[in-house]
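**Q**
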Amino acid sequence: MELSVFENRRLELLQCLSGDALAVIPSATMVLRNRDVHYPFRQHSDFWYLTGFPEQDAVAVLFKKGDVFRYVLFCQPKDPVAEVWMGERVGVDGACTVFGADEAYSIQDFDTVMGRLLQEASNLYTLSLPQLTVGQYQHSVLSGALAHCRLTASALEDHLHLMRLTKDENEMACMRLAAEVSVRAHQQAMRMVRPGMHAYEVQAALEHVMLASGCHHQAYEPIVAPGKHACVLHYTDNDAVLCDGDLLLIDAGAESDYYACDITRTFPINGRFTDEQKALYNVVLDAQNQVITAIEPGVTWDVLHALSVKVIVDGLLQLGILVGDADALIESQAHKPFYMHGIGHWLGLDVHDVGSRLDGDQPRRLAPHMVLTVEPGIYIAPGSDGIDPKWYGIGIRIEDDVLVTEQGCDVLTESLVKDPDGIEALMQQD
Ligand code: GLY
Ligand code: MN
Ligand code: MN
Numbered sequence: 017m018e019l020s021v022f023e024n025r026r027l028e029l030l031q032c033l034s035g036d037a038l039a040v041i042p043s044a045t046m047v048l049r050n051r052d053v054h055y056p057f058r059q060h061s062d063f064w065y066l067t068g069f070p071e072q073d074a075v076a077v078l079f080k081k082g083d084v085f086r087y088v089l090f091c092q093p094k095d096p097v098a099e100v101w102m103g104e105r106v107g108v109d110g111a112c113t114v115f116g117a118d119e120a121y122s123i124q125d126f127d128t129v130m131g132r133l134l135q136e137a138s139n140l141y142t143l144s145l146p147q148l149t150v151g152q153y154q155h156s157v158l159s160g161a162l163a164h165c166r167l168t169a170s171a172l173e174d175h176l177h178l179m180r181l182t183k184d185e186n187e188m189a190c191m192r193l194a195a196e197v198s199v200r201a202h203q204q205a206m207r208m209v210r211p212g213m214h215a216y217e218v219q220a221a222l223e224h225v226m227l228a229s230g231c232h233h234q235a236y237e238p239i240v241a242p243g244k245h246a247c248v249l250h251y252t253d254n255d256a257v258l259c260d261g262d263l264l265l266i267d268a269g270a271e272s273d274y275y276a277c278d279i280t281r282t283f284p285i286n287g288r289f290t291d292e293q294k295a296l297y298n299v300v301l302d303a304q305n306q307v308i309t310a311i312e313p314g315v316t317w318d319v320l321h322a323l324s325v326k327v328i329v330d331g332l333l334q335l336g337i338l339v340g341d342a343d344a345l346i347e348s349q350a351h352k353p354f355y356m357h358g359i360g361h362w363l364g365l366d367v368h369d370v371g372s373r374l375d376g377d378q379p380r381r382l383a384p385h386m387v388l389t390v391e392p393g394i395y396i397a398p399g400s401d402g403i404d405p406k407w408y409g410i411g412i413r414i415e416d417d418v419l420v421t422e423q424g425c426d427v428l429t430e431s432l433v434k435d436p437d438g439i440e441a442l443m444q445q446d
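When we follow my numbering, the leftmost residue of the sequence shown carries the number 17, and every step to the right adds one.
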């Protein structure tokens, strides 16, 4: 992305700070796994959104005094020995020349320089405190500063996360690319699945497509859940055998240029739905289609969720899984044992992306260029009380990523088949 994209975001954020202010935004840090081996590093999304700076142990300080704005970046200094092991660093000079900082310092000088900056500003803004406890350098001065500065964590975070809710053209392009790669990965999985395989073989095929497409990270641990394992919502062991006659639920998405995709499909391992599987599947699909059709600017999450509950309760009544009056069943939350999660979540730099569902004390209304998932499901765990055993162990979720547009919405993951006939046809292909 162009540097000006990040610069404009910083300027917009600074507008919401009052008085002479400092906003302190730390990067992610490398977390040690053992001795000198680290867990995979992924930049913190808030820090990335404002800086585009890829390294760990950095702190962005946005400074506002009267009409003057300054962007100060603390980062790891050049170190030829460390760079032999861990790769080239941008360094202090590069922070200015390549990443557009007005001033840059070694993170090792953070305490001294921050001490000086803090004297110039009356208001200190930062993000939620847990982030400040990570990193080697970045908390000693800040924790001292917290004691004597007026600290406004939530105002910064609320505004930043409000900005992240609405995607610009660059972000929408990244999300379309993440969707395209993820769709291809799911298609590959549908084609290769055979009874007797292990879930991890399917996981490997998904990850191969994503990695070979240049997506170094997945947006989250993939879920490859055959049969009853699909009733565990976040099953990630992915070591079960794929049995003839069962369904397979795959919930997997690539991250492309830091932006997430989040797709779930559920399909028959042997390529043909049973009558029971197809009946339940069609209820979930109907719920998903109706919710997607309802998405347009002005709609709220609670309306979308209530619609999904209504369709699922009506479907479960028709199949005899629930008995009684639909409104009374909804009122008593009789669907909860089978549909226990929400209709979806925001999507963006993070898979469960930031942004409040409230606007003040009112439900937030969808607006153009917000992105959300739509992911109803029905899960009938083995041994469910009062349920005919023919339904046991069926877990179904269908999930797509939806961009709100001026007129309605655009389903970013639409090209991945989800009608039962289309799935069965795709599974016949090699
Ligand atoms: N992949 C996690 C979720 O769908 O929320
Ligand atoms: Mn999701
Ligand atoms: Mn998902």
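C-beta: ideal position from N, C-alpha, C; glycine also.
It should be emphasised that the depicted structure is a prediction, and the values quoted were computed from it without experimental measurement.
Given a threshold of 16 other Cβ atoms within 10 Å of its Cβ, counted over all protein chains shown, does Gly517 qualify as buried or as exposed?
**A** Residue 517 falls outside the range modelled here, since the chain spans only 17 to 446, and no answer is possible.
**Q** Report yes if the C-beta of Thr391 is less than 7 Å from at least one heavy atom of ligand 2; otherwise report no.
**A** As a working mapping, residue 391 is identified with position 375 in the sequence shown. Per the sequence presented here, residue 391 reads as Glu, with Thr not at that position. Glu391: yes, Cβ under 7 Å from ligand 2.
**Q** Under 6 Å Cβ to Cβ from Gly314, same chain only, skipping five residues before and after it: list those, please.
**A** Residue 314 sits at position 298 when you count from the first residue of the sequence shown. Around Gly314: Arg381.
**Q** State the CB to CB distance for the pair Phe90 and Tyr65, rounded to an integer number of angstroms; the pair is presumed to be in contact (CB under 8 Å).
**A** What you label residue 90 is simply residue 74 of the sequence shown in a count that begins at 1. What you label residue 65 is simply residue 49 of the sequence shown in a count that begins at 1. Phe90 to Tyr65, Cβ: 18 Å. No contact.
**Q** With a CB to CB cut of under 8 Å and the five nearest residues on each side skipped, what residues in its chain are close to Gly68?
**A** Within the sequence shown, numbered from 1, the residue matching residue 68 stands at position 52. Closer than 8 Å at the Cβ level, and outside the excluded window around Gly68, lie Met17, Leu19, Val21, Phe22 and Phe115.
**Q** Taking C-alpha atoms, which residue in Val418, Ala342 and Gly438 lies nearest to Trp362?
**A** Numbered from its first residue, the sequence shown carries residue 362 at position 346. With distances taken between Cα atoms, Trp362 lies closest to Val418.
**Q** Give the straight-line distance between the Cα atoms of Arg26 and Leu38, rounded to the nearest whole angstrom.
**A** Counting from 1 along the sequence shown, the entry for residue 26 is found at position 10. Counting from 1 along the sequence shown, the entry for residue 38 is found at position 22. Straight-line Cα distance between these residues: approximately 12 Å.
**Q** Does DSSP classify Asp267 as helix, strand or coil?
**A** Position 251 of the sequence shown holds residue 267. Correct three-state label for Asp267: strand.
**Q** Taking 7 Å as the cut-off, is the CB of Gly364 close to at least one heavy atom of ligand 2?
**A** On the sequence shown, position 348 is the one that residue 364 refers to. No.
**Q** Nearest-angstrom Cα distance between Gln293 and Gly243?
**A** Position 277 of the sequence shown, counting from 1, holds the residue named residue 293. Position 227 of the sequence shown, counting from 1, holds the residue named residue 243. Distance between the alpha carbons of Gln293 and Gly243 is about 11 Å.
**Q** Mind checking His60: buried by the 16 CB within 10 Å criterion, or exposed?
**A** Looking up residue 60 in the sequence shown gives position 44. It is buried - the Cβ of His60 has at least 16 other Cβ atoms within 10 Å.
**Q** Report the start-end ranges of each alpha helix (DSSP H) in the region 366-443 that is 4 residues or longer and not cut off at the edges.
**A** Entirely contained in the region 366-443, not one alpha helix (DSSP H) run reaches 4 residues.
**Q** In the DSSP assignment, the beta strand (DSSP E) including Ala76 goes from what residue to what residue?
**A** Counting from one through the sequence shown, the residue named residue 76 turns up at place 60. Segment Val75 to Lys81, the beta strand (DSSP E) holding Ala76.
**Q** Under three-state DSSP, which class holds Ser122?
**A** Taking the sequence shown and counting its residues from 1, the one referred to as residue 122 is at position 106. The answer is strand: DSSP assigns Ser122 an E or B state.
**Q** Determine the direct distance from the alpha carbon of Val248 to that of Leu265, and round the result to whole angstroms.
**A** Position 249 of the sequence shown, counted from the start, is the residue given in the question as residue 265. Position 232 of the sequence shown, counted from the start, is the residue given in the question as residue 248. If you take the alpha carbons of Leu265 and Val248, they lie about 11 Å apart.
**Q** Since Arg281 is in the beta strand (DSSP E), which residue starts that stretch and which ends it?
**A** Within the sequence shown, the letter at position 265 stands for residue 281. Note, Arg281: beta strand (DSSP E), Ile279 to Pro284.
**Q** Flag this pair as yes or no: are the beta carbons of Asn139 and Leu30 separated by less than 8 Å?
**A** Taking the sequence shown and counting its residues from 1, one reaches residue 139 at position 123. Taking the sequence shown and counting its residues from 1, one reaches residue 30 at position 14. For Asn139 and Leu30, no; Cβs fall outside 8 Å.
**Q** Can you tell me whether Met17 is helix, strand or coil according to DSSP?
**A** Numbered from 1 along the sequence shown, position 1 holds the residue referred to as residue 17. If DSSP states are grouped into helix, strand and coil, Met17 belongs with coil.
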